[in-house]
Each structure stands twice: as C-alpha cells, then as structure tokens.
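Okay, so here's the structure we're looking at.
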Amino acid sequence: MPLVTTKEMFKDAYEKGYAIGAFNVDNVDTFKAVVRAAQETNSPVIVAVSSGALKFIGKEYVRAMVDCALKTADVPIVLHLDHGKSVELCKECVDLGFSSVMIDASAYDFETNIAMTKEVVEYAHARGVVVESELGAIAGIEDDVNVDDKYGHFTHPDDVVEFVSRTGIDSLAIAIGTAHGAYKFKPGQKPQLRFDILEEIEQKLPGFPLVLHGASSVPQASLKVLNSYGGAMPEAIGIPEAMLSEAARHAVCKINVGTDLRVAYVGAMRKALCESPEKFDLKVFITPAMDAVCELVKDKITNVFGSAGHALK
Ligand SMILES: [Zn+2]
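The sequence shown begins at 887 in our numbering and counts up one residue at a time.
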C-alpha cells in the first residue's frame, strides 16, 4: 500500500468512536515491531518520528525503512513528524516524504502559534500532506520539549474555533491532563483527564479530530520486567487505559504513545542480557525486545484504542 495521510482514517475513527495509535519509533527494530503489530491486528497505524529520532535514525534511513514496509504491508501507514519545533523542520519532512507533520509552536503566544502553523499548513497542503498543531501546554518532557508543569495550562475551549479556522489544520492536539514521559503524576496524586474540557472542545468543533499526547499508561507488566533487572522506576504513573478508551470514544482520533514502547523494549532487552550473559549473538537480545514492543502495541490497538480490524483497504 502507498503511504497515506490521516484524512480518511480520522474520518472513520471519528464516526465509529475509536482512535488510532501514533507510536514513537526510535530505531528500525521498534519500527518493524509497530508495523508487525498493525499487520497482525489489521489496524491502521501512525508511525511517529520525533526530531531526536529523525537525527538518530538518519533522515534518509527513515524514509527508506518506511518504503520497505510499504512494499509488503497491507494496512494503511502514516509517516508523521512528532513535535516539529520549527517551520523549517516541518517543511523538510514534507520534502522528505512524510505524509503528516506536527508543528508544535504551543510554547509561543497565540498569534505566533497561528502564524507558524499557517505557514506549515500552506506548504504541506500544497504537497498533499496533513498538519497537526497544538494548543495549550502538555506537561512533561519529550525530547527537547519542555513545558512547565503548572495546573491550569489546559487548552481553552474558547480558543479552538479561531485557531482551527485561521490555521486550516487537519487535527488539533489538546492539553487536558496528559503528560509526556513516565512520571505523569506525583506519587499519591490521582491520575485524571479533564473530560469536561474535552466535551466542551468537541462541541465547539463538531466532526474535527483531536489528538492526545503523552498518553503512555506505563503498564505494570512491562514496568515489572524493567524494575526486576535494574533501572527501577517504582514511582512511574501513567494514564489509566480506561481513560484512553473513553477519550477514543469521544473526538480523540489519535493517541500518542512513546514511553510505553521504550519501557517494553529496554525491559525485555535487559532481561535477555541478564539471563544469557554468556551470549553475544545480537538476535538473542533484540528479538525479545522487538516482541515485547509488538505485543504492547497489539494490546493498545486491540484493547485500548479499538482500531483493530479498521484498516481501510
Ligand atoms: Zn507529544
């Protein structure tokens, strides 16, 4: 199948009340595991590449690995730039052959955010590429994105109509309580998402796809593996999966997951390294890491986001 944009998949997801996972890949292993999971569940999938991952994997390699997958995959695949912090980077990824880019100018004031987003939209739309932009501050750390973790930085429902109509974006990332990284909540703090804000936003933008960032749930199973083999993160608290399913039934059509893949990958690799210290065949360590990522993504697709079986052919 050729690379697709999010247009058709978001329309179907919105109508049927499910969401599509945007999974952050950091290398060829995680990329292959994500595509395999989508294949095995017959689900559409968004492969998210951050600016850090783009640098780490290499720009030309990113496009080439996706081309390889497209030759055999029979599920729709979107290649998406996650958190493009500059107009230039977004344009570069459009030129590289990404089918979707996110311009993240949310740290700037409202007018600057609109101006930067609009410039990316004009460039991308002229080349058949869709654009996501962010309004409000999503807490936490993702690559070199830093946002103050202060209560009250949620997306204001009063701003969304103006932002969407003046920029012409295809989807909107909103801040309703998710956070990047593994420590989304302080110990003892009850994880919660502001569904009241989500409902207000979707009432103002009927039919418009919304995006949730920082939606790792840090599953206990993979955290346990990581903690059993060094590198403990006992206080990591993610977003409860039931809340993500609820958001998917609302107007949220794209849910971003990065941390969960890293925890699964590194945990499984550490386990294999500890259990087979005498071996130095790479496959012994990398295969279980890839399998762990694949199983995690399949679980999200099937049991949390509800996109299994929804691959549009
Ligand atoms: Zn994000």
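A virtual CB, placed ideally from N, CA and C, is assigned to each residue, including glycine.
It is roughly 46 Å from the alpha-carbon of Arg1135 to the alpha-carbon of Phe1166. With distances taken between CA atoms, Ser1103 lies nearest to Asn1142 out of Gly970, Pro1043 and Asn1142. Within the DSSP secondary-structure output, Phe909 pairs in a beta bridge with Val933 and Val1143.
A Cβ-Cβ distance of about 6 Å is found for the pair Thr1064 and Leu1098, placing them in contact under the 8 Å criterion. Of all alpha-carbon atoms in Met951, Asp915 and Glu901, the one lying nearest the alpha-carbon of Leu889 is that of Met951. Linking Cys979 to Glu1088 through their CA atoms gives a straight-line distance of about 29 Å.
Not one heavy atom of ligand 1 sits closer than 8 Å to the Cβ of His1039. Boundaries of the alpha helix (DSSP H) harbouring Val1006: Phe996 to His1011, taken from the DSSP string. According to DSSP, residue pairing for Ile1123 in a beta bridge involves Tyr1069. Here Met988 carries a strand assignment [DSSP, helix/strand/coil].
Only residues of its own chain outside the window of five on either side were considered, and among them Val911, Val933 and Met951 have a CB closer than 7 Å to the CB of Phe917, listed in chain order. For Ile1062, the shortest C-beta to heavy atom distance toward ligand 1 is 8 Å or greater. A distance below 9 Å separates the beta carbons of Ala993 and Ala1023.
In the structure shown, Ala1059 falls within a strand segment according to DSSP collapsed to helix, strand and coil. Under the three-state reduction of DSSP, Gly970 is assigned to strand.
Secondary structure of Leu940 (DSSP, three-state): helix. Taking the Cβ of His1099 as the reference point, at least one heavy atom of ligand 1 falls within a distance shorter than 8 Å. With the rule of 3 Cβ pairs closer than 8 Å, the segment 968-987 counts as touching the segment 936-946. Relative to ligand 1, Asp968 has its C-beta within less than 8 Å of a heavy atom. Counting along the chain, the unbroken beta strand (DSSP E) around Val1017 starts and ends at Val1016 to Leu1021.
Contact between the segment 1067-1074 and the segment 1051-1059 is absent: fewer than 3 CB-CB pairs across the two stretches fall below 8 Å. Contact annotation: Val921 and Val935 have beta-carbon atoms that are not nearer than 9 Å.
The beta-bridge partner set that DSSP reports for Ile963 consists of Val931. For Gly983, same chain residues with a beta-carbon under 6 Å away, outside a window of 5 residues either side, are Arg949 in chain order. When His1042, Ile906, Ile1125 and Ala1194 are compared, the shortest CA-CA separation from Asp1082 is found for His1042. Around the Cβ of Ser1114, a 10 Å sphere holds fewer than 16 other Cβ atoms; the residue is exposed. Boundaries of the beta strand (DSSP E) around Val1097: Leu1096 to Leu1098.
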